[in-house]
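Asks: Pasting in a structure now, in structure tokens, and then I'll have a few things to ask.
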Amino acid sequence: MPFLMIGIPLSAFAFILLPNYTSFLSFMIIITVLNFSMAIFRAPTVALMPDITPAPLRSKANGIINFMGGLASVFVLVGGSFLSRENRNYPFVFTAIMMIFALGMLLKFIKEPKIAQVAEQTRISIRASIKEIWSAEDKSTLYILFAIFFWFVGYQGVEATFSNYCVQFLGLEVSDASLTLGFFALSFLTFSIPAGFIGSKLGKRKTILIGLVGDAIVFIMIAMIGTIFPFNQAVMMGFMFVGGFFWALININSYPMVVEKISEEKIGTFTGLYYFSSSLAAITGPLLLGGLIDLTSFVATFIFTAFAYLIAFIFVSRTQ
């Protein structure tokens, strides 16, 4: 909670300053402060969920968290467009107010052990945790972290190049490309809560494996549109919607699987490792796919993603 008490107010302040930059230098300073302050509280905020949620309910809880995040994104995009018509500062001020309100709700309703108690009872070394994961006889945690890296490499790669793929390869307008990708996001939002229930019912591992195979098949089918089969936007939107469902099965159950078997005092550390894997993939994925497209063509886009998902499948299948 102390990380939230520092990071959220700093982020809110940076949000208010953001539309009022006076030069490129001031803009970069504000953005840097904003990103740094949000990094302070991102992982600790997510780590609160497993701290206060029993293991059998974590997939459901993570589904609700992702649903609320997606709902907030839609609300901000729609509401922000109306607020910006009145004044360009209003969306940023509103966001800052909501962040402070959220912090107030957390402080009111979430009760953590006293800081002194936590510090006394739990001094966890990140280096020791990584060494423990690497040398453990059961390497399930290591395998799931590798799997997270590879499926985010595929996801982030295709997300970054999708507009260019649609415009330069399929000949669509940019607006049509955004609409098509929107079906994937809409499906993820729709099925985020059901995916948590499915994970609780079938088990997180089996649910993720189903999602990985399903998305790999979907992406291979999409790769055939405009190459083997003639392009049809409605068909592609349908595949994207199905792909969003399988992505929900993967993404909603991955974080609960990472923290499922670890002690409570290590949840924050392992949450950081989860975000390290996904953040590293967000950097690596677009670079790898972009290089592959340069060497081949846009035909490789969804084949690359399907291949990354199948590698992730191999790692998940080796977990206990």
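Taking the working numbering, I'd label the letters of the sequence shown as residues 2 to 321. The C-beta atom is built at its ideal place from N, Cα and C for all residues, glycine as well.
Taking the runs of the alpha helix (DSSP H) that are 4 residues or longer, which of them lie wholly in the segment 227 to 284?
Replies: Counting only runs of 4 or more, we get 234 to 260.
Asks: Do you know offhand how far Asn36's Cα is from Thr181's?
Replies: C-alpha separation (whole angstroms): 29 Å.
Asks: How big is the Cα-Cα spacing for Phe240 and Ser188?
Replies: Spanning the two alpha carbons is a distance of roughly 11 Å.
Asks: For Leu18, which of helix, strand or coil comes out of DSSP?
Replies: Note: Leu18 maps to helix in three-state DSSP.
Asks: What residue range is occupied by the uninterrupted alpha helix (DSSP H) comprising Val168?
Replies: No alpha helix (DSSP H) holds Val168; DSSP gives it neither H nor E.
Asks: Closest to Gly64 by CA distance: which of Ala196, Phe83, Phe303, Ile304 is it?
Replies: It is Ala196 whose Cα lies nearest to the Cα of Gly64.
Asks: Pairing CB atoms from the segment 152 to 165 with CB atoms from the segment 283 to 292, are three or more of them under 8 Å?
Replies: The segment 152 to 165 is in contact with the segment 283 to 292.
Asks: Between Ile294 and Ile229, what straight-line distance do the alpha-carbon atoms span, to the nearest angstrom?
Replies: Using only the alpha carbons, I get a separation of about 18 Å.
Asks: Run the CB neighbour count on Asn88, radius 10 Å, all protein chains shown included, and call it buried at 16 or more, exposed below.
Replies: Asn88 comes out exposed.
Asks: For Leu210, does the count of other Cβ atoms within 10 angstroms reach 16, so buried, or fall short, so exposed?
Replies: Looking at its Cβ environment, which holds 16 or more other Cβ atoms inside 10 Å, Leu210 is buried.
Asks: Quick one: using the 10 Å Cβ neighbour count with 16 as the cut-off for buried, is Trp248 buried or exposed?
Replies: When all chains shown are included, Trp248 counts as buried.
Asks: Name the two residues that bound the continuous alpha helix (DSSP H) containing Thr54.
Replies: Careful: Thr54 lies outside any alpha helix (DSSP H) and carries neither H nor E.
Asks: Between Met237 and Arg206, what straight-line distance do the alpha-carbon atoms span, to the nearest angstrom?
Replies: Computed Cα separation, rounded: 28 Å.
Asks: Looking at the structure shown, is Gln157 part of a helix, part of a strand, or coil, going by DSSP?
Replies: The answer is helix: DSSP assigns Gln157 an H, G or I state.
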